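Engineer: Residue numbers (the numbering used here): 1043 to 1183. The beta carbon of each residue, even a glycine, is placed where N, CA and C say it ideally should be. Quick caveat: nothing in here was measured; it's all calculated off a predicted structure. One structure is given below, represented as structure tokens, and several questions about it will come after.
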């Protein structure tokens, strides 16, 4: 089956640390956010996902990047289109609100060690996170 998915992700960086979400079972990390539901704007979806995952209200900034990622998952060909917004969260401890996820701050330079997906986004996150976008990245497996 061929699937197209729209996701919204948050780029939350402070003092060279980035907020990441880790899927405990799959042992992969990625930026907080998730799927845009039908009828929902991308910004509404991202705000909702952050609230669901972390229990905090995020202040969304400018669109940083649009990322297109083509990959295989469960015998499906997936075309994921992600809208990545700079965001800020309250300056208080963060914790996952979902049992299958872990939320944490990590040094930007540790992304490779953390099995961050998509791997192709690691270098732009480390080198270009403070730059204004939007950038457009296309990745194919």
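Just checking, does the segment 1140-1159 make contact with the segment 1060-1068 on the three C-beta pairs under 8 Å criterion?
Structural biologist: Yes, they touch.
Engineer: Quick one: complete beta strand (DSSP E) runs, 3+ long, within the segment 1113-1145?
Structural biologist: Listed in chain order, they are 1118-1130.
Engineer: Using a 10 Å radius around the Cβ and a threshold of 16 neighbouring Cβ atoms, would you call residue 1080 buried or exposed?
Structural biologist: Taking the chain shown and counting its residues from 1, one reaches residue 1080 at position 38. Under this definition residue 1080 is an exposed residue.
Engineer: Can you round the beta-carbon distance between residue 1074 and residue 1048 to whole angstroms, since I take them to be within the 8 Å contact cut?
Structural biologist: Here the question's residue 1074 lines up with position 32 in the chain shown. Here the question's residue 1048 lines up with position 6 in the chain shown. The pair is not a contact, with the Cβ atoms about 16 Å apart (cut-off 8 Å).
Engineer: My understanding is that residue 1126 touches residue 1107, with C-beta atoms under 8 Å, so please give their C-beta distance in whole angstroms.
Structural biologist: Your numbering for residue 1126 matches position 84 in the chain shown. Your numbering for residue 1107 matches position 65 in the chain shown. Their Cβ separation, rounded to whole angstroms, is 4 Å, which keeps residue 1126 and residue 1107 in contact under 8 Å.
Engineer: Using 8 Å as the threshold, is the segment 1082-1092 in touch with the segment 1110-1117, meaning 3 or more CB pairs across them?
Structural biologist: With a cut-off of 8 Å, the segment 1110-1117 and the segment 1082-1092 do not count as touching, because too few Cβ pairs lie within range.
Engineer: Using DSSP's beta-bridge definition, name the partner residues of residue 1071.
Structural biologist: As a first step, residue 1071 is located in the chain shown; it is residue number 29 there, counting from the start. DSSP, once it has assigned bridges, lists 1064 and 1158 as partnering residue 1071.
Engineer: Among 1078, 1096, 1050 and 1057, which one has its Cα closest to the Cα of residue 1140?
Structural biologist: Stepping through the chain shown from its first residue, residue 1140 is reached at position 98. That would be 1096, whose Cα lies nearest to the Cα of residue 1140.
Engineer: Could you tell me the alpha carbon to alpha carbon distance between residue 1122 and residue 1110, rounded to whole angstroms?
Structural biologist: Taking the first residue of the chain shown as position 1, residue 1122 is located at position 80. Taking the first residue of the chain shown as position 1, residue 1110 is located at position 68. For residue 1122 and residue 1110, the distance between alpha carbons rounds to 6 Å.
Engineer: What's the call for residue 1067, buried or exposed, on a 16-neighbour Cβ count within 10 Å?
Structural biologist: Translated into the one-based positions of the chain shown, residue 1067 becomes position 25. Residue 1067 is exposed by the Cβ-count criterion.
Engineer: From the DSSP output, in three-state form, read off residue 1110 for me.
Structural biologist: The count along the chain shown starts at 1 and reaches residue 1110 at position 68. Here residue 1110 sits in strand by DSSP.
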